[in-house]
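Number of protein chains: 2
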Amino acid sequence: MRLAIQLSEENVQNGGGPFGAVIAKNGEVIATGVNRVTANNDPTAHAEVSAIRAACQKVKNFKLDGCVVYSSCEPCPMCLSALYWAGVSKIYYANTKDDAKAINFDDSFIYEQLSLERNERSIASEQMLRDEALKAFEMWRDKEDKTEY
Amino acid sequence: MRLAIQLSEENVQNGGGPFGAVIAKNGEVIATGVNRVTANNDPTAHAEVSAIRAACQKVKNFKLDGCVVYSSCEPCPMCLSALYWAGVSKIYYANTKDDAKAINFDDSFIYEQLSLERNERSIASEQMLRDEALKAFEMWRDKEDKTEY
Numbered sequence: 004m005r006l007a008i009q010l011s012e013e014n015v016q017n018g019g020g021p022f023g024a025v026i027a028k029n030g031e032v033i034a035t036g037v038n039r040v041t042a043n044n045d046p047t048a049h050a051e052v053s054a055i056r057a058a059c060q061k062v063k064n065f066k067l068d069g070c071v072v073y074s075s076c077e078p079c080p081m082c083l084s085a086l087y088w089a090g091v092s093k094i095y096y097a098n099t100k101d102d103a104k105a106i107n108f109d110d111s112f113i114y115e116q117l118s119l120e121r122n123e124r125s126i127a128s129e130q131m132l133r134d135e136a137l138k139a140f141e142m143w144r145d146k147e148d149k150t151e152y
Numbered sequence: 004m005r006l007a008i009q010l011s012e013e014n015v016q017n018g019g020g021p022f023g024a025v026i027a028k029n030g031e032v033i034a035t036g037v038n039r040v041t042a043n044n045d046p047t048a049h050a051e052v053s054a055i056r057a058a059c060q061k062v063k064n065f066k067l068d069g070c071v072v073y074s075s076c077e078p079c080p081m082c083l084s085a086l087y088w089a090g091v092s093k094i095y096y097a098n099t100k101d102d103a104k105a106i107n108f109d110d111s112f113i114y115e116q117l118s119l120e121r122n123e124r125s126i127a128s129e130q131m132l133r134d135e136a137l138k139a140f141e142m143w144r145d146k147e148d149k150t151e152y
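For the protein sequence lines, the chains are G and H, in the order given. End of the first sequence sits at 152 in this note's numbering; the numbers just go up one at a time, nothing left out. End of the second sequence sits at 152 in this note's numbering; the numbers just go up one at a time, nothing left out.
As structure tokens, then:
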């Protein structure tokens, strides 16, 4: 965690947000990440997502079984979801989402939005062409040499 | 949407998952994305996240104001959160998350996990070293030449 914190401080000096993350397996660091949203024009480049992507390249797998993440701040819904998809074993965090909110990084509105029904959310969503889209799902279902996850 | 659907079908043939997304602004396509999770060993490479990253590179901004997304399937919580961070105006989708679940792409467990309190989630989380981590947040708060988002 001290490495994640150090990265978060260095990243502020390097033009990024105050967030760092480290992914470790069996007590060994396998990847790190920092927030490069504004620096790289990438709204998905949060510290945890960046660390997940780097760790997966390192282990050459799309799952991070047996890995733990140390994040200098509690994950936002995007990062927490990504950690579920990656299948990490445990999340350690330092600052809380309330600490983040106090410096104007507020993700609580996204947690609220996700808990609403589709038609109640602030970003409207509308279904169309489902009958045409189902074909790709049928192709997937019938494919024999696929990698499921 | 027909382009997103076409991409989803092509992606199955190209070793990816059956998902495609298109981001458009003022009626013009600015970027596309497909699911490359297993192909690229990147659990964050869902169609929408890939399209967001590509669109942001195209417009050279970390926000996608005024953009709409056409996704061949309803976004998972990671992608929906990313769409909130990107600030898109509207989401069109074709297949539903229930359609996805029927071919073993089940994201409903993540929606459920996100709605739980930290200590009730299946991935345990634990706080540590908050007092040390706060320094980076103070550095950010006091920084004058920062880009907020």
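Virtual Cβ for every residue (Gly too), placed ideally from N, Cα, C.
For Ala-127 (chain H), the enclosing beta strand (DSSP E) has its first and last residue at 127 to 130. In its chain, beyond the 5 residues on either side, Arg-124 and Ser-125 have a beta carbon closer than 7 Å to the beta carbon of Gln-116 (chain G).
Between Cys-70 (chain H) and Ile-26 (chain H), the C-beta spacing is below 8 Å. When Cβ-Cβ separations below 8 Å define contact, Val-25 (chain H) makes no contact with chain G. The Cβ-Cβ distance between Gly-20 (chain H) and Val-52 (chain H) does not fall below 8 Å. Using a Cβ-Cβ cut-off of 8 Å, Asp-109 (chain H) does not count as an interface residue toward chain G, since no Cβ of chain G sits closer than that to its own. Put simply, the CB of Leu-132 (chain H) is near chain G, with a gap under 8 Å to one of its CB atoms. The three-state reading of DSSP puts Thr-99 (chain G) in coil, since its state is none of H, G, I, E or B.
Nearest C-alpha to Gly-23 (chain H) among G:Lys-149, G:Ala-136, G:Ala-97 and G:Arg-56: G:Ala-136. If the five residues before and after Ile-33 (chain G) are omitted, its C-beta is found closer than 6 Å to the C-beta atoms of Ile-26, Ala-58 and Lys-61, all from its own chain and listed in chain order.
Taking the Cα positions, Arg-5 (chain G) is about 38 Å away from Glu-77 (chain H).
In the displayed model, Ile-8 (chain H) falls within a helix according to three-state DSSP.
Residue-level contact by beta carbon holds for Cys-79 (chain H) and chain G, with a gap shorter than 8 Å. Between Ile-94 (chain G) and Val-72 (chain G), the C-beta spacing is below 8 Å. When DSSP states are grouped into helix, strand and coil, Ile-26 (chain H) belongs to the strand group.
In this structure, the beta-carbon distance from Trp-143 (chain G) to Val-15 (chain H) falls below 8 Å. Scanning the region 51 to 105 of chain G from its first residue to its last, the whole beta strand (DSSP E) runs of 3-plus residues come out as 70 to 76 and 93 to 98. Within chain H, Asn-44 have C-beta atoms less than 9 Å from the C-beta of Lys-63 (chain G), given in sequence order. Put simply, the backbone Cα of Lys-104 (chain G) is about 25 Å away from that of Arg-56 (chain H). At a cut-off of 8 Å between beta-carbon atoms, Ala-34 (chain H) makes no contact with chain G.
Check the Cα spacing between Tyr-87 (chain G) and each of G:Phe-65, G:Lys-146, G:Phe-108 and G:Arg-133: the tightest is with G:Phe-65. For Val-32 (chain H), the beta-bridge partners assigned by DSSP are H:Ala-27. A distance below 8 Å separates the beta carbons of Asn-98 (chain G) and Ser-75 (chain G). In the DSSP assignment, Leu-117 (chain H) falls within the unbroken alpha helix (DSSP H) covering 111 to 117. Against chain G, a Cβ distance below 9 Å from Cys-59 (chain H) picks out Asn-43, Asn-44, Asp-45, Pro-46 and Thr-47.
For Phe-140 (chain G), the enclosing alpha helix (DSSP H) starts and ends at 133 to 145. Of G:Lys-138, G:Asp-109 and G:Glu-120, the smallest CA-CA separation from Glu-13 (chain H) is found for G:Lys-138. Lys-100 (chain G) is classed as buried because its beta carbon has at least 16 other beta carbons within 10 Å across all chains shown. Listed along chain G is no residue with a C-beta nearer than 8 Å to that of Asp-101 (chain H); the closest approach is about 11 Å. In this structure, the CA atom of Glu-151 (chain G) is about 35 Å from the CA atom of Gly-30 (chain H). For Glu-12 (chain G), the residues of chain H that pass the 7 Å Cβ criterion are Lys-138, Ala-139 and Met-142, in the order they occur in the chain.
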